[in-house]
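Report on the following structure.
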Amino acid sequence: MKTTKIRKVISRALDRDFTRVGKSRIAGTGVFAKRKIPKGSRIIEYKGKRRTHEEILLDQNNGAPQNVYLFGLDGGKVIDPTKRGNDARFINHSCEPNCETYAFDEKIFVYAIRDIVRGEELTFDYQLRSAFGIKNEPNKNICNCGTPSCRGTMYAKKGKTRKK
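Taken in order, the sequence shown gives residues 11 to 174; the numbers are from this note's numbering.
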């Protein structure tokens, strides 16, 4: 096989192009499967600028709106996808998600936890926790997933933690 053909085959294998962004029935904008996504597939990296909790608090104290897209990392850092982020920030919460997030070397990846059909919205359980010493506000992060086991909030169940 010629080198150019090998490069094309490798390129196709790495170009998963699983998702598109569109209007969501859950909340605002969502991410949808462009084609079938097999269980266990790495779908997308959750990208954004790495920032400290102090930077976020300073922004909020200076009048910046509260950022709902922040993804917590170990060591007091967060991923802020509003700065250098990608479409992963539009993946909505669900109490019965079809995806999970995993951290590898300070990077967050979204994986399919079951087969996802073409056109289906991608979701993961946000498992929100109190941030920066601020008490949870039950009426602030209401869940709209509409699943049979909906707990009515995007906050984590007691004792449940995000997978590493």
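Glycine residues also receive a C-beta, built at the ideal position from the N, C-alpha and C atoms.
On a predicted model such as this, the values are computed, not experimentally measured, just so you know.
Pairwise C-beta distances place the segment 122 to 131 out of contact with the segment 86 to 98, as fewer than three of them are shorter than 8 Å. The beta carbon of residue 163 is closer than 7 Å to those of 148, 151, 152 and 153 in its chain, skipping five residues each way along the sequence. Between the alpha carbons of residue 59 and residue 85 lies a distance of about 15 Å.
Pairing residue 132 with residue 41 gives a Cβ-Cβ distance under 7 Å. With a cutoff of 7 Å on beta-carbon distance, residue 52 and residue 119 are scored as near each other.
C-alpha of residue 110 to C-alpha of residue 49: approximately 11 Å in a straight line. Bridge partners of residue 90 according to DSSP: 59. DSSP places residue 128 outside both helix and strand once states are collapsed to three, so it counts as coil. A direct Cα-to-Cα measurement between residue 43 and residue 134 gives close to 14 Å. Across the structure, residue 56 and residue 139 are spaced so that their CA atoms are roughly 19 Å apart. When C-alpha distances from residue 100 are compared across 38, 166 and 165, the shortest belongs to 38.
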